[in-house]
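Chemist:
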Amino acid sequence: MASSHDIPDSTDWLSTPLSSLAALENALHCEICKEFYDTPMITSCNHTFCSKCIRTSLSNDGKCPACRSADQASKLRNNWALQEVVASFLAGREEVLRVARERGRKGKRKRIGEDEEDGGRVTRSKSQRLAASQTSQAEAFEIEGEEEDDGDFEPEPVLDDGLVECPLGCGKRMAIEAVEPHLDRCEDEKKQTSQPKPRPINGFGTAPKTSTYEAPRPQDRLSELNYAMIKETALRKKFTDLGIPNWGSKQLMVKRHTEWVNLWNANCDSNRPRTTRQLLQDLDTWERTQGGKATAAQGQNSGVMRKDFDGVGWQNKHQDEFSRLIAEARKKKNTIAVSPTKSEVEVTAEPLIPNDNSNRPVEQATETEIQQCDSTSQSFTSDHTPLNGALQSSGPAIPPTTSNPQTVTAEIGPALAQTTDFTPTFHQQFRPDEPDELPSRFYNDGAVKKVPMFAVPQQPVRDVDENGGALGRE
Amino acid sequence: MNSVASKRLFQEYKHLTTDPPEGITAGPINEDDLFIWEALIQGPEGTPYEGGIFPAELKFPKDYPLMPPTMRFLADVWHPNVYPNGVVCISILHPPGDDPNHYEQASERWSPIQSVEKILISVMSMIAEPNDESPANVDAARMWRERRPEFDKRVRADVRKSLGL
Numbered sequence: 001m002a003s004s005h006d007i008p009d010s011t012d013w014l015s016t017p018l019s020s021l022a023a024l025e026n027a028l029h030c031e032i033c034k035e036f037y038d039t040p041m042i043t044s045c046n047h048t049f050c051s052k053c054i055r056t057s058l059s060n061d062g063k064c065p066a067c068r069s070a071d072q073a074s075k076l077r078n079n080w081a082l083q084e085v086v087a088s089f090l091a092g093r094e095e096v097l098r099v100a101r102e103r104g105r106k107g108k109r110k111r112i113g114e115d116e117e118d119g120g121r122v123t124r125s126k127s128q129r130l131a132a133s134q135t136s137q138a139e140a141f142e143i144e145g146e147e148e149d150d151g152d153f154e155p156e157p158v159l160d161d162g163l164v165e166c167p168l169g170c171g172k173r174m175a176i177e178a179v180e181p182h183l184d185r186c187e188d189e190k191k192q193t194s195q196p197k198p199r200p201i202n203g204f205g206t207a208p209k210t211s212t213y214e215a216p217r218p219q220d221r222l223s224e225l226n227y228a229m230i231k232e233t234a235l236r237k238k239f240t241d242l243g244i245p246n247w248g249s250k251q252l253m254v255k256r257h258t259e260w261v262n263l264w265n266a267n268c269d270s271n272r273p274r275t276t277r278q279l280l281q282d283l284d285t286w287e288r289t290q291g292g293k294a295t296a297a298q299g300q301n302s303g304v305m306r307k308d309f310d311g312v313g314w315q316n317k318h319q320d321e322f323s324r325l326i327a328e329a330r331k332k333k334n335t336i337a338v339s340p341t342k343s344e345v346e347v348t349a350e351p352l353i354p355n356d357n358s359n360r361p362v363e364q365a366t367e368t369e370i371q372q373c374d375s376t377s378q379s380f381t382s383d384h385t386p387l388n389g390a391l392q393s394s395g396p397a398i399p400p401t402t403s404n405p406q407t408v409t410a411e412i413g414p415a416l417a418q419t420t421d422f423t424p425t426f427h428q429q430f431r432p433d434e435p436d437e438l439p440s441r442f443y444n445d446g447a448v449k450k451v452p453m454f455a456v457p458q459q460p461v462r463d464v465d466e467n468g469g470a471l472g473r474e
Numbered sequence: 001m002n003s004v005a006s007k008r009l010f011q012e013y014k015h016l017t018t019d020p021p022e023g024i025t026a027g028p029i030n031e032d033d034l035f036i037w038e039a040l041i042q043g044p045e046g047t048p049y050e051g052g053i054f055p056a057e058l059k060f061p062k063d064y065p066l067m068p069p070t071m072r073f074l075a076d077v078w079h080p081n082v083y084p085n086g087v088v089c090i091s092i093l094h095p096p097g098d099d100p101n102h103y104e105q106a107s108e109r110w111s112p113i114q115s116v117e118k119i120l121i122s123v124m125s126m127i128a129e130p131n132d133e134s135p136a137n138v139d140a141a142r143m144w145r146e147r148r149p150e151f152d153k154r155v156r157a158d159v160r161k162s163l164g165l
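Protein chains in written order, with the UniProt record's numbering: chain A, 1 to 474; chain B, 1 to 165.
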């Protein structure tokens, strides 16, 4: 194959001499998903869409997307003929495209009339194939694949393209030099008719089994519930019976049920039904893109309120943002800290002794000093034993002077965050975000009675989500 | 993770890239996020907008194509059907079943069979032929209706300004 095309598109033809096949291909596309029809269904108003597409659309507004007349999903009927056309077109598409591209490069054929013949020939091959499919599936596939391949260059006598027909009678035409290799392939293909060809990824089933349309399997379709009447608990139980997730609000569950019903019924329409497991995977994709899990991926609500929120991951991801905020806050703090009187600065410095002090191990802090320090550092030293080491390692990076306590806090913060849990991180970021008047009240409290200082580092542990959320949104 | 919406948006993107309609360019700003597109629309010939290039932003909802995208011009566009903040008011962008102004036929509104290409072509023809029945920019609509020469002059001035002339 010249190249593999993950997303077949009608514009693929435009660069080839067969540009009018683009129109044919467009006609085989569902108007809703703009891909090849997958289990096409006819509406009461005689429009055709993929089963899943039209079901989703109808459950959204109950109208045909093409003409806006009211319709119901239960009135949809399979368009088996169209399905066959699509399957046979797809079977040959890749090869026709390859040949067309080669032709395009050689610049041999320029006549437009020929393209039209090709478009017509697809129809003819379909009817041949349809006739054949009633006799034997295997043969049907053989003819289907082969006929389609020929679609564009099986010649009318008019064409003096120097091609010869396959001597084995598969009907294919090729350059003389290509006959030899083709003979082997032609034989092989006859033997391995049961082996389906690879074809473009489009969610469409493989062709060999498409002709089972005489007997659509009798699978029970689901019906939508009267959601207004059913109670939430009954709905959850129903979901358990159906084997689909039953978490979330009632509104979300209704949406999920609608999606599931559409997935399920579209699968019932298909002549190549997929397993329930695959359907559940589809439902999960829906959940992540449009359902209950979709909001977590979106910018506004980052999911910080959720219990399993990954605080560390969040912190790493937004490290830049956080450090920028810290830097800004520090700058602001500096400008404010310069103005107050000296006594105020001293008051400010005292409660920060914990940081100051925990920094001291480097400077050989004495036992009394540690006792002097308030509860913050005690809780650190007792609860987080690895902390001291971390602080020591971070110690040298910190200037020994503590004239600006805020700087020290901020610089210790990252070291704590890496070695311990979320608490210090919070501590680090929380302070710069505090309104300016808060520190003085906060510190004064610390100077008078030490109990409230307990609360500051510990509370966030229980409330990581909430506080993280506040930060994330800012 | 490929949702219905992103698959279709990718399909439309490919189609618009290989076979763009005249005077229109459109595609996702960042290929990682197919839900935000930027479009460039040429001012239609024979109108005061001629010669101008109008950048616009399209935002797609997660349930696209059931619901339409929103479109906002990123430059100043003085036009009866463009809000002063750039949001385009055109029937094809209005969700089905919701007619805020009661001026439009249901058939004119959004339906999943529409596409980005059709939206942009509609917007182009809207630029050429304003609809002053339900104006988004009342001042522009009044000027268009009552003082056409002034309207044309203002639009041309905007176009020149946007081109940096």
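Every residue, glycine too, gets a C-beta built ideally from N, C-alpha and C.
What is the C-beta distance between B:Ala141 and B:Asp152, in whole angstroms, given that I count them as a contact (C-beta under 8 Å)?
Modeler: No, B:Ala141 and B:Asp152 are not in contact; Cβ-Cβ is about 14 Å, not under 8 Å.
Chemist: Using beta carbons (cut-off 8 Å, strictly below), is B:Val138 in contact with chain A?
Modeler: So, not an interface residue.
Chemist: Based on DSSP bridge pairs, tell me the residues matched to A:Ala234.
Modeler: Its beta-bridge partners do not exist; DSSP assigns none.
Chemist: Does the pairing of the stretch 30 to 39 of chain A with the stretch 41 to 50 of chain B give three or more beta-carbon distances under 8 Å?
Modeler: Cβ pair count under 8 Å is below three, so no.
Chemist: Please list, in chain order, the residues of the stretch 121 to 137 of chain B that have any C-beta partner in chain A closer than 9 Å.
Modeler: Within the stretch 121 to 137 of chain B, no residue qualifies.
Chemist: Under the DSSP definition of a beta bridge, which residues are partnered with B:Val4?
Modeler: Answer by DSSP bridge pairing: none, since B:Val4 is not bridged.
Chemist: Answer with buried or exposed for A:Asp220, where buried requires no fewer than 16 other C-beta atoms within 10 angstroms of its C-beta.
Modeler: When all chains shown are included, A:Asp220 counts as exposed.
Chemist: Cα separation between A:Arg124 and B:Asp158?
Modeler: Note that A:Arg124 scores 44 on pLDDT, short of 50, meaning its location in the model is unreliable; the coordinates nonetheless yield the value given after this. Distance between the alpha carbons of A:Arg124 and B:Asp158 is about 57 Å.
Chemist: Taking 8 Å as the CB-CB cut-off, is A:Glu94 touching chain B?
Modeler: No, its Cβ sits nowhere closer than 8 Å to a Cβ of chain B.
Chemist: If you run the structure through DSSP and keep just helix, strand and coil, what is A:Lys293?
Modeler: Of the three classes helix, strand and coil, the one that applies to A:Lys293 here is coil, per DSSP.
Chemist: Residues of chain A with CB under 7 Å from B:Asp63, in chain order?
Modeler: Per Cβ cutoff of 7 Å: Gln290.
Chemist: Taking 8 Å as the CB-CB cut-off, is residue 475 of chain A touching chain B?
Modeler: This structure cannot speak to residue 475 of chain A, because chain A is shown only from 1 to 474.
Chemist: Does A:Ser323 come within less than 8 Å of chain B when only Cβ atoms are used?
Modeler: By this cut-off, A:Ser323 is not an interface position.
Chemist: Leaving out five residues before and five after B:Ile53 in sequence, what residues of the same chain have Cβ atoms less than 7 Å from its Cβ?
Modeler: Excluding sequence neighbours, B:Ile53 sits near Leu40 and Gln42.
Chemist: Measuring straight from C-alpha to C-alpha, what distance separates B:His15 and A:Thr289?
Modeler: Cα to Cα, the separation comes out at about 23 Å.
Chemist: Let me check understanding here. Comparing Cα to Cα, which of A:Asn79, A:Val85 and A:Thr56 lies closest to A:Asp71?
Modeler: Nearest option by C-alpha distance: A:Thr56.
Chemist: Determine the extent of the alpha helix (DSSP H) in which A:Glu95 is found, giving its start and end residues.
Modeler: Run containing A:Glu95: Trp80 to Lys106, per the alpha helix (DSSP H) assignment.
Chemist: If B:Ile90 and B:Val138 are in contact, beta carbons under 8 Å, what's the gap, nearest whole angstrom?
Modeler: Their Cβ separation, rounded to whole angstroms, is 16 Å, which puts B:Ile90 and B:Val138 out of contact at 8 Å.
Chemist: What does A:Cys50 reach in chain B if we use C-beta pairs closer than 7 Å?
Modeler: By Cβ distance, chain B contributes nothing, its closest Cβ being about 10 Å from A:Cys50, past 7 Å.
Chemist: Give the DSSP-derived three-state secondary structure of B:Leu58 in the structure shown.
Modeler: DSSP places B:Leu58 in strand when its eight states are reduced to three.
Chemist: Check whether the stretch 18 to 30 of chain A touches the stretch 225 to 239 of chain A, taking contact to mean three or more Cβ pairs, one atom from each stretch, closer than 8 Å.
Modeler: Segments in contact, no.
Chemist: So, are the CB atoms of B:Met67 and B:Val88 less than 8 Å apart?
Modeler: No. Outside cutoff.
Chemist: Please specify which runs of the alpha helix (DSSP H), each continuous and at least 4 residues long, are wholly inside the stretch 235 to 281 of chain A, giving them in chain order.
Modeler: Counting only runs of 4 or more, we get 250 to 269.
Chemist: Looking at B:Ser3 and A:Thr258, is the spacing between their C-beta atoms short of 8 Å?
Modeler: No, Cβ-Cβ distance for A:Thr258 and B:Ser3 is not below 8 Å.
Chemist: Expressed to the nearest angstrom, what Euclidean distance is found between the alpha-carbon atoms of A:His318 and A:Lys332?
Modeler: Distance between the alpha carbons of A:His318 and A:Lys332 is about 21 Å.
Chemist: From the DSSP output, in three-state form, read off A:His29 for me.
Modeler: Looking at A:His29 - three-state DSSP - the assignment turns out to be strand.
Chemist: So, does the CB of B:Pro96 fall closer than 8 Å to a CB anywhere in chain A?
Modeler: For B:Pro96, the answer is yes, since a Cβ of chain A falls inside 8 Å of its Cβ.
Chemist: Does any residue of chain A bring its CB to less than 8 Å from the CB of B:Gln11?
Modeler: For B:Gln11, the answer is yes, since a Cβ of chain A falls inside 8 Å of its Cβ.
Chemist: Hey, could you find the ends of the alpha helix (DSSP H) A:Asp9 is sitting in?
Modeler: From DSSP, A:Asp9 is part of no alpha helix (DSSP H); its letter is neither H nor E.
Chemist: Among B:Glu22, B:Pro69, B:Ile127 and B:Asp63, which residue has its Cα nearest to the Cα of B:Glu57?
Modeler: Minimum Cα distance to B:Glu57 is reached at B:Pro69.
Chemist: Scan the stretch 32 to 61 of chain A and note each continuous beta strand (DSSP E) run of 3 residues or more that stays entirely inside, going in chain order.
Modeler: Runs of the beta strand (DSSP E) inside the stretch 32 to 61 of chain A: 40 to 42 and 48 to 50.
Chemist: Kindly list the residues whose CB is nearer than 6 Å to the CB of A:Pro273, restricted to its own chain and excluding five residues on each side of it in sequence; keep chain order.
Modeler: Closer than 6 Å at the Cβ level, and outside the excluded window around A:Pro273, lie Asn267.
Chemist: Less than 8 Å between CB atoms is the rule here; does A:Ile7 satisfy it with respect to chain B?
Modeler: With 8 Å as the cut-off, A:Ile7 counts as an interface residue toward chain B.
Chemist: Under 7 Å Cβ-Cβ, which residues of chain B neighbour A:Arg65?
Modeler: Correcting the residue identity first, residue 65 of chain A is Pro in this sequence and not Arg. Simply Ser111, Pro112 and Ile113.
Chemist: Using only the alpha-carbon positions, how far apart do A:Cys67 and A:Gln83 sit?
Modeler: If I take the Cα positions, the gap works out to 22 Å.
Chemist: Quick one: what's got a C-beta closer than 6 Å to B:Gly86's C-beta in the same chain, skipping five residues either side?
Modeler: Correct list, in chain order: Arg72 and Phe73.
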